[in-house]
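Worksheet for the structure shown next.
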Amino acid sequence: MTSKQQSTAVLVDIVCPYCGQVVAADADRCPHCERSTAADPTQALPTKRLTDRPWLIVLMILHVGCLGIPLYWRTRYSLAVRMLLVAVSVIYTVLTVVGIIWGCAYILRMLRGG
Ligand SMILES: [Zn+2]
Numbered sequence: 002m003t004s005k006q007q008s009t010a011v012l013v014d015i016v017c018p019y020c021g022q023v024v025a026a027d028a029d030r031c032p033h034c035e036r037s038t039a040a041d042p043t044q045a046l047p048t049k050r051l052t053d054r055p056w057l058i059v060l061m062i063l064h065v066g067c068l069g070i071p072l073y074w075r076t077r078y079s080l081a082v083r084m085l086l087v088a089v090s091v092i093y094t095v096l097t098v099v100g101i102i103w104g105c106a107y108i109l110r111m112l113r114g115g
């Protein structure tokens with residue numbers, strides 16, 4: 002088999018991600034295990050949603066805190082992780098608000114004292 006024929010074979014046949022059998026690339030379902038080949042993550046990478054990027058979630062928590070809870074809740078993370086995100090955002094927001102109030106009180110004391 003020449004290299005050209007091999008590359009053609011790759012285009013024609015794909016390997017089923019579930020059972021490992023060779024399946025025709027245009028087949029919607031694997032004839033061996035009846036599962037959809039369209040869901041193969043190596044063949045068609047699903048477009049990642051913006052909210053699935055961990056660094057973006059961290060950035061959101063740092064910037065909008067608990068205001069982003071609906072957004073954190075819509076992510077595809079497990080329930081435990083989402084609950085953690087919500088908890089962290091609430092704690093962060095509370096700490097921020099306390100920090101701002103403490104800072105304002107501190108400045109007021111400085112102004113009165115000076
Ligand atoms: Zn299969």
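Count the sequence shown with the numbering used here and you get residues 2 to 115, in order. The beta-carbon is built from N, C-alpha and C at its ideal position, and this holds for glycine as well.
Check: residue i C-beta below 8 Å from any heavy atom of ligand 1
{"i": "residue 100", "result": "no"}
{"i": "residue 93", "result": "no"}
{"i": "residue 24", "result": "yes"}
{"i": "residue 73", "result": "no"}
{"i": "residue 67", "result": "no"}
Start-to-end residues for the alpha helix (DSSP H) that takes in residue i
{"i": "residue 25", "result": "Careful: residue 25 lies outside any alpha helix (DSSP H), inside the beta strand (DSSP E) at 23-25."}
{"i": "residue 30", "result": "Unbroken run through residue 30: none, as it is neither H nor E."}
Distance, residue j Cα to residue i Cα
{"i": "residue 97", "j": "residue 22", "result": "55 Å"}
{"i": "residue 63", "j": "residue 16", "result": "43 Å"}
{"i": "residue 30", "j": "residue 70", "result": "38 Å"}
{"i": "residue 34", "j": "residue 77", "result": "27 Å"}
{"i": "residue 89", "j": "residue 26", "result": "45 Å"}
{"i": "residue 146", "j": "residue 114", "result": "Nothing in the structure corresponds to residue 146, since the chain is present only between 2 and 115."}
{"i": "residue 54", "j": "residue 79", "result": "14 Å"}
Where the beta strand (DSSP E) containing residue i begins and where it ends
{"i": "residue 14", "result": "14-16"}
Residue environment, residue i, which counts as buried when at least 16 other CB atoms sit within 10 Å
{"i": "residue 86", "result": "buried"}
{"i": "residue 107", "result": "exposed"}
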